[in-house]
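> Structure incoming, see below.
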Amino acid sequence: MIVAPFSTKPQVKPSVDLTGNPFYKIRVLKRFEKNCVHLWVKIHLFILAAKTYRSLTTPAKVLKQLKKIREVTMGRGNLKLIKVNGKYYHHLYAPAFPTKIFNDYILGEFNRIRPIRHKSNLLTLIFFAITRKCPLRCEHCIEWNNLNHKETLDLEELNAVVKKFQHDGISQFHLSGGEPLVRIKDLLAMISSAEKKSEFYVLTSGFNFTAANAKALKDAGLTGVVISLDHFDPVKHNEFRGFGDSFSQAIQAIRHAQQEQLVVGLTICVTKSFLSWHNLMAYAELAKKMKVVFIQMLEPKAVGHYANKDVLLDKAAFAILDHFFETMNSDPRYSDFPIAIYHGYHQRRIGCLAGGNRTMYIDSAGFINACPFCHTKNFNVKDLLVEENNSEALIRSAHCPA
Ligand code: SF4
């Protein structure tokens, strides 16, 4: 397969600036600095494991297992590292290093490999759809049947859910909807009243992600934002999103988030019509120019607005995505591009990490599902708030049906 950088040439000149915010403090680490930070992390992990297991032999075995998991989720070779505002990031679903939240996350991983004596995080993260409201009409919307009804959870209940998961131990909340920025007041209240022992990300189309809201979210304690951008061509993105101004809003949202030094990721639903090596590279070029940290590729699934539609990708498409993922994360020629995130890569190698294992999905109607795409509707999140219920057993029951 030919691997060559492409330039991004949208069919229609967008009215927004397609470069990242010049004040954004981001740096993709080069070889020497990257190796130094990797060594620092290795020593840090060894000391953490030695203290946890009170042993000098167990850490080596546990860290070997941890490395295997890392290789199937991120590919082989030295991980790409991106420094944002003084902290290091290697995966959208792993907390920043060095932080206490990172240590707690690692202890949760240790516990899965070899049980540890004290309490550790039950989950790595949850996707939590906090609103049913959305002005967009996206082609692939997984929440399609839940949208624009009366809200399921009031602010008190939203806060209670966050408190419950924080009590059980969790590294990150990824708050979605609907469009979470429609519920900006409650969103701010939720994040600001949570304990500072988890990271918070907002998953948005860019709608209502104004400069003022970006600042308010940062002040409340937001770590980052994952912005949906489904094409480098503004017209095609807007068509996909069923919203005329969506491309400009997404681009503006990136720049506003960068102004506040938030971690910025892009997410794309890689449809059959989009999927080609050329398009992926054009998208990556734009992401690099926009100085984003992560590009997340999601495969279309026949749920929500795509229900009963012929949208599933085939083996040839998986091969292109695998190759793109490995290229972005390991090929030295792309060392200054964003970090690629692609769940299909590890799902086809070691299985699913969702379904009450490390993650799960609370939909906007309050149902707990194995993940955003497997709508298992195991139970209602309000069941977790009933003290007599065994929340760990309930969470484990939301396992992946695939
Ligand atoms: S995918 Fe998100 S932004 Fe699009 S219609 Fe659904 S909830 Fe709204």
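Numbering of the sequence shown is given in my numbering, commencing with residue 1184 and proceeding in unit increments. The beta-carbon is built from N, C-alpha and C at its ideal position, and this holds for glycine as well. Note that the structure is predicted; figures quoted are calculated from it, not measured.
(1) What number of angstroms, rounded off, separates the C-alpha of ILE1478 from the C-alpha of PRO1521?
(2) So LEU1364 and PHE1383 are supposed to be a Cβ contact under 8 Å. How far apart are they, rounded?
(3) What is the C-beta distance between ILE1524 and HIS1274, in whole angstroms, given that I count them as a contact (C-beta under 8 Å)?
(4) Mind listing, in chain order, the continuous beta strand (DSSP E) runs of no fewer than 3 residues lying wholly within the region 1248 to 1319?
(5) Under the criterion of a Cβ to heavy atom distance below 7 Å, does GLU1362 qualify as lining the ligand SF4?
(6) Is there contact between the region 1263 to 1272 and the region 1204 to 1211, where contact requires at least three CB pairs shorter than 8 Å?
(7) For the ligand SF4, any of its heavy atoms closer than 7 Å to the Cβ of ARG1579?
(8) With respect to the alpha helix (DSSP H) encompassing ASN1342, which residues constitute its N-terminal and C-terminal limits?
(9) Is the region 1427 to 1440 in contact with the region 1389 to 1409, if contact means three or more CB pairs nearer than 8 Å?
(10) Any idea what DSSP makes of HIS1357, helix, strand or coil?
(11) Just to check, is the beta-carbon of ARG1366 closer than 7 Å to a non-hydrogen atom of the ligand SF4?
(12) State the Cα-Cα distance for the pair VAL1224 and THR1282, rounded to the nearest angstrom.
(13) Skipping 5 residues on each side, what residues in its chain have a beta carbon closer than 7 Å to that of ASN1512?
(14) Beta carbon of THR1510, beta carbon of VAL1446: below 8 Å?
(15) Which same chain residues, not among the five before or five after ASP1287, have their C-beta less than 6 Å away from its C-beta?
(16) Using only the alpha-carbon positions, how far apart do HIS1323 and THR1314 sit?
(17) Excluding the 5 residues preceding and the 5 following CYS1452 in the sequence, name in chain order all residues of the same chain whose CB lies nearer than 6 Å to its CB.
(18) For ALA1403 and LYS1368, I'd like the C-alpha separation in whole angstroms.
(19) List the endpoints of the continuous alpha helix (DSSP H) containing GLN1442.
(20) Kindly list the residues whose CB is nearer than 8 Å to the CB of ARG1335, restricted to its own chain and excluding five residues on each side of it in sequence; keep chain order.
(21) What is the rounded straight-line gap between the Cα of PRO1188 and the Cα of HIS1506?
(22) On the three-state DSSP scale, how would you describe GLU1468?
(23) Verify the contact flag: GLU1571, CB atom, against every heavy atom of the ligand SF4, threshold strictly below 7 Å.
(24) Taking the alpha-carbon positions, what's the LEU1495 to LYS1455 distance?
(25) Is it true that the region 1292 to 1311 meets the region 1324 to 1334, where meeting means three or more beta-carbon pairs spaced less than 8 Å apart?
(26) Report yes if the C-beta distance between ARG1297 and THR1241 is below 8 Å; otherwise report no.
(27) Taking the straight line between their C-alpha atoms, what separation do you get for ARG1579 and ASP1200?
(28) Going by alpha carbons, who is nearest to LYS1213 out of TYR1271, ARG1366, GLY1487, TYR1236?
(29) By Cβ distance below 7 Å, which residues in the same chain neighbour GLU1571 in space, the five residues on each side in sequence not counted?
(30) Going by CA-CA distance only, name the one from GLU1378, ALA1470, SER1459 that's closest to ALA1499.
(31) Does the beta-carbon of PRO1278 have 16 or more other beta-carbons within 10 angstroms, so that it is buried, or is it exposed?
(32) Opposite THR1393 in the DSSP bridges: which residues?
(33) DSSP three-state call for GLU1216: helix, strand or coil?
(34) Sorted by chain position, which residues of the same chain lie with C-beta nearer than 7 Å to PRO1555's C-beta, five sequence neighbours on each side aside?
(35) Work out the CA separation of ARG1237 and PHE1423 for me, nearest whole Å.
(36) Where LEU1567 and GLY1203 are concerned, what is the direct C-alpha to C-alpha distance, given to the nearest angstrom?
Result, derived from the coordinates:
(1) For this step, residue 1478 is matched to residue 295 along the sequence shown. For this step, residue 1521 is matched to residue 338 along the sequence shown. Our two residues, ILE1478 and PRO1521, have alpha carbons roughly 6 Å apart in a direct line.
(2) For the purposes of this step, residue 1364 is taken as the residue at position 181 of the sequence shown. For the purposes of this step, residue 1383 is taken as the residue at position 200 of the sequence shown. Contact between LEU1364 and PHE1383 does not hold, since the beta-carbon distance rounds to 14 Å and is not under 8 Å.
(3) By one-based count along the sequence shown, residue 1524 stands at place 341. By one-based count along the sequence shown, residue 1274 stands at place 91. Right, the Cβ-Cβ distance comes to about 7 Å (below 8 Å), so this counts as a contact.
(4) Within the region 1248 to 1319, the complete beta strand (DSSP E) runs of at least 3 residues are 1265 to 1267, 1270 to 1272, 1306 to 1312.
(5) Residue numbering aside, residue 1362 sits at position 179 when the sequence shown is read from its first letter. In this structure, the C-beta of GLU1362 approaches the ligand SF4 to less than 7 Å from one of its heavy atoms.
(6) With a cut-off of 8 Å, the region 1204 to 1211 and the region 1263 to 1272 count as touching, because enough Cβ pairs lie within range.
(7) Within the sequence shown, the letter at position 396 stands for residue 1579. ARG1579 has its Cβ no nearer than 7 Å to any heavy atom of the ligand SF4.
(8) For this step, residue 1342 is matched to residue 159 along the sequence shown. Element bounds for ASN1342: 1338 to 1351.
(9) Cβ pair count under 8 Å is three or more, so yes.
(10) Translated into positions along the sequence shown, residue 1357 becomes position 174. DSSP places HIS1357 in strand when its eight states are reduced to three.
(11) Translated into the one-based positions of the sequence shown, residue 1366 becomes position 183. Of the heavy atoms belonging to the ligand SF4, none sits nearer than 7 Å to the Cβ of ARG1366.
(12) Your numbering for residue 1224 matches position 41 in the sequence shown. Your numbering for residue 1282 matches position 99 in the sequence shown. Roughly 11 Å separates the two Cα atoms.
(13) Here the question's residue 1512 lines up with position 329 in the sequence shown. Answer for ASN1512: MET1257, GLY1258, LYS1263, ILE1522, ALA1523, listed in chain order.
(14) On the sequence shown, position 327 is the one that residue 1510 refers to. On the sequence shown, position 263 is the one that residue 1446 refers to. Contact annotation: THR1510 and VAL1446 have beta-carbon atoms that are not nearer than 8 Å.
(15) The residue labelled residue 1287 in the question sits at position 104 within the sequence shown. The beta carbon of ASP1287 lies closer than 6 Å to those of ASN1304 in the same chain, with the five residues before and after it left out.
(16) Locating residue 1323 in the sequence shown gives position 140, where the first residue counts as 1. Locating residue 1314 in the sequence shown gives position 131, where the first residue counts as 1. Distance between the alpha carbons of HIS1323 and THR1314: 18 Å.
(17) The sequence position of residue 1452 within the sequence shown is 269, counting from 1. The beta carbon of CYS1452 lies closer than 6 Å to those of HIS1323, ASP1413, LEU1481, PRO1483 in the same chain, with the five residues before and after it left out.
(18) Walking along the sequence shown from the start, residue 1403 turns up at place 220. Walking along the sequence shown from the start, residue 1368 turns up at place 185. Across the structure, ALA1403 and LYS1368 are spaced so that their CA atoms are roughly 11 Å apart.
(19) Taking the first residue of the sequence shown as position 1, residue 1442 is located at position 259. GLN1442 -> alpha helix (DSSP H) spans 1429 to 1442.
(20) Within the sequence shown, numbered from 1, the residue matching residue 1335 stands at position 152. First, the residue type needs correcting, since residue 1335 is Thr and not Arg in the sequence shown. Counting only Cβ-Cβ distances below 8 Å, and skipping sequence neighbours, we find ARG1315, SER1547, ALA1548, GLY1549.
(21) Counting from 1 along the sequence shown, the entry for residue 1188 is found at position 5. Counting from 1 along the sequence shown, the entry for residue 1506 is found at position 323. The predicted position of PRO1188 is uncertain, since its pLDDT is 39 and thus under 50; no value can be drawn from it.
(22) Working through the sequence shown from its first residue, we reach residue 1468 at position 285. Residue state, collapsed to three classes: helix.
(23) Locating residue 1571 in the sequence shown gives position 388, where the first residue counts as 1. Short note on GLU1571: C-beta not closer than 7 Å to any heavy atom of the ligand SF4.
(24) Taking the first residue of the sequence shown as position 1, residue 1495 is located at position 312. Taking the first residue of the sequence shown as position 1, residue 1455 is located at position 272. Each residue's alpha carbon lies about 8 Å from the other.
(25) Because the criterion of three Cβ pairs below 8 Å is not met, the region 1292 to 1311 and the region 1324 to 1334 do not touch.
(26) On the sequence shown, residue 1297 is found 114 positions in, with the first residue counted as 1. On the sequence shown, residue 1241 is found 58 positions in, with the first residue counted as 1. With respect to the 8 Å criterion, ARG1297 and THR1241 are classified as neighbours on the basis of their beta carbons.
(27) Residue numbering aside, residue 1579 sits at position 396 when the sequence shown is read from its first letter. Residue numbering aside, residue 1200 sits at position 17 when the sequence shown is read from its first letter. Those two C-alpha atoms are separated by around 46 Å.
(28) Locating residue 1213 in the sequence shown gives position 30, counting from the first residue. Selected option, being the one with the closest Cα: TYR1271.
(29) Locating residue 1571 in the sequence shown gives position 388, where the first residue counts as 1. If the five residues before and after GLU1571 are omitted, its C-beta is found closer than 7 Å to no C-beta atom of its own chain.
(30) Position 316 of the sequence shown, counting from 1, holds the residue named residue 1499. Checking every option, the nearest Cα to that of ALA1499 belongs to SER1459.
(31) Taking the sequence shown and counting its residues from 1, one reaches residue 1278 at position 95. For PRO1278, the number of other beta carbons within 10 angstroms of its own is at least 16, and it is reported as buried.
(32) Locating residue 1393 in the sequence shown gives position 210, counting from the first residue. The partner list for THR1393 (beta bridge, DSSP) is empty, contrary to what the question assumes.
(33) Here the question's residue 1216 lines up with position 33 in the sequence shown. Judged by DSSP in its simplified three-state form, GLU1216 adopts helix.
(34) One-based indexing of the sequence shown puts residue 1555 at position 372. Cβ within range, chain order: PHE1310, ILE1325, TYR1544.
(35) Reading the sequence shown from its first residue, position 240 is the one you call residue 1423. Reading the sequence shown from its first residue, position 54 is the one you call residue 1237. Each residue's Cα considered, the two are about 54 Å apart.
(36) For this step, residue 1567 is matched to residue 384 along the sequence shown. For this step, residue 1203 is matched to residue 20 along the sequence shown. Pairing LEU1567 with GLY1203, the inter-Cα distance amounts to about 41 Å.
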